[in-house]
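Everything in the sequence shown is counted per the numbering used here, starting at 2 for the first residue and increasing by one. Data block below; observations after.
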Amino acid sequence: MTAEMTRPELGVCYYPEQWPEAQWADDARRMRELGLDWVRVGEFAWSMIEPAPGRFEWDWLDRAIDVLGAAGLKVIMSTPTAAPPRWLVDKHPEILPVGPDGNVRKFGSRRHYCFSSPVFRGEAARIAEAVAERYGTHEHVAAWQIDNEYGDHDTIHSYSPAARDAFRDWLARRYGDIGALNTAWGTSFWSMRYDDFAQIELPNQMVEEPTPTQLTDFLRFSSDQVQSFNRMQAEILRKHAPGRAITHNFMNQNEDFDHHAVGADLDVASWDAYPLGNLVHGRLPEADKQRLLRHGDPDQPGFNHDLYRGVGNGRMWVMEQQPGPVNWADANPAPADGMVRLWTWLAHAHGCEMVSYFRWRQAPFAQEQFHTGLLLPDSTPDRAFAEIEEVVAEAAALPALPPRAPSEVALVLDYPSRWALSALPQGRNFRAGHHALDWYSALRRLGIDVDIVGQHTELNGYRLVVAPDLVMADAGFIKRIAASDTKAIFGPRSGSRTEAMHVTAPLPGAGLAPLIELRVTRVESLPDWHSESFLMGNASHAARRWRETIESDAEVLATFEGAYREGTPALVGNDRARYLATLPGDEGLRHVLEDTLRWAGVDTLPDLGPDLRLTRRGNVTFAFNFGCEPAAAPAPPEATFHLGAARIPPAGVAAWSET
Ligand code: GLA
Ligand code: GLA
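As structure tokens, then:
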């Protein structure tokens, strides 16, 4: 892959096993003619590759790869472990996952395996090795995808006997002796004391909630199982496919495992971009959803590009890009004409190296009949086809751009902190994933480019770290910030729990010492139908969903208003860090962050509004209009436009350089 690019390389997800062989060559030729460079195959092909135990049928796949390769396409081969064959389930029913209700989940769709099943791990290693041996050094196979979308269909947490046994072993390794577990879990609380690790059950089907430490341990354990499963496959691929990029296609906003940890074993992080389904299920109020129905949340794709660029250590692909309506959301609207082009250029601007569309041809059979592709079922082009042609043609006018430079601002997404919040939510509307996107959105409206990082990430050069929900602040991370020139702002609940899911001592907030001294003396969750307010300067802003009473020797920068505890601090800060004690609405968040960015020495633009987004790659500024009205590109008069012009139509894109 070249470092400097005028556009991302392009690709498509293709299923030769779903189409007559006579069609393959024509499909491959048309892919190339369209300008596609990559084709992903094989992720659900296990039973076609190995129709009976140990009996392999490679011929069809050999021919498919040859046809695709001969047309000039680079193949992304997949390990097919997301769809174990029926014969394997018949032979070893114990590989099936068990749901939280205690019921075994059945064969008949996909992802029907338990990460803890030793039998399944053995089988997964066996099939991965077989495929890797066969195609590892194949001239046309240039990259590998492991499995498919870990976590899709709620499949990270299994309550099987195998998971229970593995959890007990994991706990024994973590705690060493049962006394330490009793202390950590606080089993004196309801007489839950254990004498032996062998007595421990999984945290489902209990009368009342389990101790949050048991829950967060189970979530950590489940994440570790994914990580080790993925690493096992990555090691097999490294052995047999030297020099080929290894990736996994992450499902955006899945919080059930640590994506940073899994990413550490990959060469490239890829993610699957379905902005409209996400809008329907997403964070925005209904009025915004109506306006953006065919355009999507302007910040959802950017957030994920910035996240997976970090997860992939700078290297990020989109493995599946929505080409039209999909089949799986509560409602499945069509993207406005132009959005596939917009999403493709957006990915490029955020540093994406490759965009692959899902899927080549709409399938007239099986589960995803309503899912569009680049072609209609009769092989005539659907709308996205023309938009890809447009991208390819437009690239000629763009300068080659280097990979994205690090941003000045980093937003922290810490998965264990999310698990802490799910173990003790304290308010059903405390949805950290939505809140983090709100913070990101506020930064983006101010024209700020953002890196999304974990607590392990180097701070090199960041002027500001933004941590909306860092419940389990890591002492090492806080010390590193304290020892650097980086400033930080933390959202409510940050630094409030230890890794053992106990309150930090002496009080919540202590986890942020030595950056900022803080004592949270009361927290409350607030229902959606109620809003309070805080005063910052002369502006009064909404305070929603969560409110804390805090004491700190830091300066008070904003205070709560209203009858209840008027004048108590809503925002405090010293010269290193700030802490926000509530969840503001859009305007309040923008005010807080704009002030904080200025304090950290980061230049902002005037508010871009809800629908226009800017991002920079190299010396080119890209602007994306997610709205339904034309927007003005905030380009200087002497700017040279490479794409579009100063007036950006709805679903339009502009890109310019300043001389
Ligand atoms: C996911 C899966 C694909 C397909 C698409 C449909 O991303 O990885 O196999 O089911 O959803 O949108
Ligand atoms: C009930 C129980 C208590 C405690 C409270 C919490 O009253 O009896 O043990 O759980 O609820 O409010």
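For each residue, glycine too, the CB sits at the ideal point set by N, CA and C. Keep in mind the model is a prediction, meaning the values are calculated, not measured.
DSSP lists Ser541, Thr560 as the beta-bridge partner residues of Leu536. Taken atom to atom, the span from the alpha-carbon of Pro86 to that of Phe57 is near 13 Å.
Per DSSP, Val327 is not a residue of any alpha helix (DSSP H), being assigned neither H nor E. Straight-line measurement puts the Cα of Ala385 at about 27 Å from the Cα of Pro403.
For Met252, the uninterrupted beta strand (DSSP E) segment begins and ends at 246-252.
Ala406 sits away from Thr7, with the two beta carbons spaced by 8 Å or more.
Arg127 and His241 have their C-alpha atoms roughly 13 Å apart. The bridge partners DSSP lists for Thr641 are Ser658. DSSP, read as helix, strand or coil, puts Glu552 in strand. Taking a cut-off of 8 Å on C-beta distances, the region 527-538 does not touch the region 447-455, as fewer than three cross pairs fall below it.
Closest in C-alpha terms to Leu584, from the list His592, Arg577, Ala578, comes His592. Going by beta carbons, Ile157 and Ala235 fall outside the 8 Å limit. Relative to ligand 1, the beta carbon of Glu18 is positioned no closer than 7 Å to any heavy atom. Relative to the non-hydrogen atoms of ligand 1, the Cβ of Trp145 never comes closer than 7 Å to any of them. For Pro650, there is no enclosing beta strand (DSSP E), since its DSSP letter is neither H nor E. With fewer than three CB-CB distances shorter than 8 Å, the region 640-654 does not count as touching the region 323-333. For Arg429, the three-state secondary structure derived from DSSP is coil. Trp88 is the residue among Asp225, Trp88, Trp344, Trp25 whose C-alpha sits nearest the C-alpha of Pro52.
In the three-state DSSP reduction, Met78 falls in the strand class (E or B). When beta bridges are read from the DSSP output, Leu581 appears opposite Leu572. DSSP places Ala143 in the strand class (E or B) of the three-state scheme. Contact between the region 176-192 and the region 128-142 is not established, with fewer than three Cβ pairs separated by less than 8 Å.
In this structure, His372 has its beta carbon less than 7 Å from a heavy atom of ligand 1. Distance from the CA atom of Ala571 to the CA atom of Phe121, rounded to whole angstroms, is 51 Å. Relative to the Cα of Arg494, the nearest Cα in the group Ala484, Arg546, Leu460, Arg446 belongs to Arg546. For Gly264, the closest alpha carbon among the candidates Asp178, Ala274, Glu256, His249 is that of His249. Contact check between the region 413-425 and the region 468-477: three or more CB pairs, one atom from each, fall below 8 Å, which counts as touching. Exclusion of the five residues before and after Gly619 leaves Leu402, Pro403 as the residues of its chain whose Cβ lies within less than 6 Å of its Cβ. If you check the CB distance, Val467 and Leu444 come in under 8 Å. Residue environment analysis places Met207 among the exposed positions, since fewer than 16 neighbouring C-beta atoms fall within 10 angstroms of its C-beta. The distance from the Cβ of Leu598 to that of Ile482 is about 16 Å, inconsistent with a contact at the 8 Å cut-off. Counting only residues of its own chain and dropping the five nearest sequence neighbours on each side, Phe198 has a CB closer than 7 Å to the CB of Arg169, Leu172, Ala173, Ile179. Judged by DSSP in its simplified three-state form, Gly180 adopts helix.
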